[in-house]
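With this note's numbering, the residue at position 142 of the first sequence is 154, and numbering never jumps.
Reviewing the structure listed below.
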Amino acid sequence: MDLRSESSCARCRFKSKAAAVLSEEELHMLGKACVEVSVNRGDAFFRQGTPSGHVVYLKEGLARIHKKGPRNRDQILKIACSGTYLGIQTILGDVVNQYSASALTRAVACYIRVGEFRLLIQKNGDFANELIDYICREELSHFNRLVSHWQKQLTGRLAETLLYFAEEIFRAQEYPMLLTRQELASMVGGTRESVSRAMKEFVDSGIIGMNKKEIRILKPELIKKLADSG
DNA sequence: GCATTAACCACAG
DNA sequence: CTGTGGTTAATGC
């Protein structure tokens, strides 16, 4: 992990939607509470079970949010895009991280001390509002994922996940698969073997194209139908 | 019963 | 790390 100079949040090119409503003075305070780091693919931003003292603002890059369950297996809960905060859930009650976050690509992130972050929420209603807005949207999307995980079978869940990457993460019909089969399986809720097989079926039926790690959605209508019907 | 789905296991690139 | 094949258990007509 690479430490960088003290950040100037006022002039940040990647300011979050929430930080955009902060005053000059508040941004200065944010800057004081903030350290910018640059990390490599695979590096952890924070780990489940370790104390949390910061909120992480993901400035550039992608992250995976994952959590170990009772059988000590890691499940990927979601992919976080740049411009979002990681670990806000932990700032109120718990002082121990309930899940892990790690970089899926090279990434730049700002570690913001929890104390100051909370102070900004208390002081600035617009800031708080933006955050709540974000948290609400996230929760709704988690509800959706949870329900589909319960009701769809593997093929549908995989189709949905491939679409999730295309639509939410990359906003493109073609994108690099950054996850290993194992990780993709842990996100879809299946085994590496089942995911491999289902993926092959998608390719064989011409729904997606795959060369190397590149995925291309060839028949959006069909894959949507699969994702919807399960 | 018979078919489908998906996990588990083993083995090979 | 991946893909494949065989086996097995559960679930649904």
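Every residue gets a Cβ at the ideal spot worked out from N, C-alpha and C, and that includes glycine.
Look at the Cβ atom of residue i, then the Cβ atom of residue j, and state whether they are nearer than 8 Å.
i       : j       : result
Leu-191 : Met-199 : yes
Val-67  : Phe-129 : yes
His-161 : Gly-218 : no
Cys-46  : Ala-31  : no
Leu-34  : Asn-136 : yes
Ile-252 : Ile-147 : The structure shown does not extend to residue 252, since the chain is modelled only from 13 through 242, so no value can be given for it.
Cys-122 : Glu-36  : no
Leu-158 : Ala-210 : no
Leu-230 : Gly-221 : yes
Val-215 : Arg-193 : no
Could you check what DSSP says for residue i in three-state terms: helix, strand or coil?
i       : result
Leu-234 : helix
Gly-221 : strand
Lys-80  : strand
Ala-92  : strand
Ala-75  : strand
Asp-86  : strand
Phe-58  : strand
Ser-17  : Confidence in Ser-17 is poor, its pLDDT being 48 and thus under 50, which makes the residue's placement too unreliable to answer from.
Ala-210 : helix
Arg-193 : helix
Ser-64  : coil
Ser-241 : helix
Ser-50  : strand
Arg-34  : Note on residue identity: the sequence assigns Leu, not Arg, to residue 34. Three-state DSSP puts Leu-34 in coil, outside helix and strand.
Arg-23  : helix
Please check the pair residue i and residue j, which I expect to be a contact at CB under 8 Å, by giving their CB distance rounded to whole angstroms.
i       : j       : result
Glu-195 : Ile-77  : That pair is no contact at about 12 Å.
Ala-239 : Leu-175 : 5 Å
Glu-172 : Ile-227 : No, Glu-172 and Ile-227 are not in contact; Cβ-Cβ is about 14 Å, not under 8 Å.
Leu-98  : Ala-75  : 6 Å
Ser-94  : Phe-57  : With a Cβ gap of about 13 Å, Ser-94 and Phe-57 do not count as contacting.
State buried or exposed for residue i, treating a residue as buried only when at least 16 other CB atoms are found within 10 Å of its CB.
i       : result
Gly-61  : exposed
Asn-52  : exposed
Leu-132 : buried
Gly-73  : buried
Ile-91  : buried
Gly-168 : buried
Ser-112 : buried
Glu-44  : A small correction: the amino acid at residue 44 is Lys; Glu does not occupy that position in the sequence shown. Under this definition Lys-44 is an exposed residue.
Ser-153 : exposed
Ser-28  : buried
Ser-241 : exposed
Lys-164 : buried
Glu-151 : exposed
Lys-225 : exposed
Is it the case that the CB of residue i approaches a heavy atom of the ligand GTP more closely than 7 Å?
i       : result
Ala-119 : Ligands are entirely absent from the displayed structure, and the ligand GTP is therefore not among its contents.
**Report entry** Ordered list of alpha helix (DSSP H) runs contained in the region 99 to 184, each at least 4 residues
**Finding:** 126 to 135, 137 to 163 and 166 to 176
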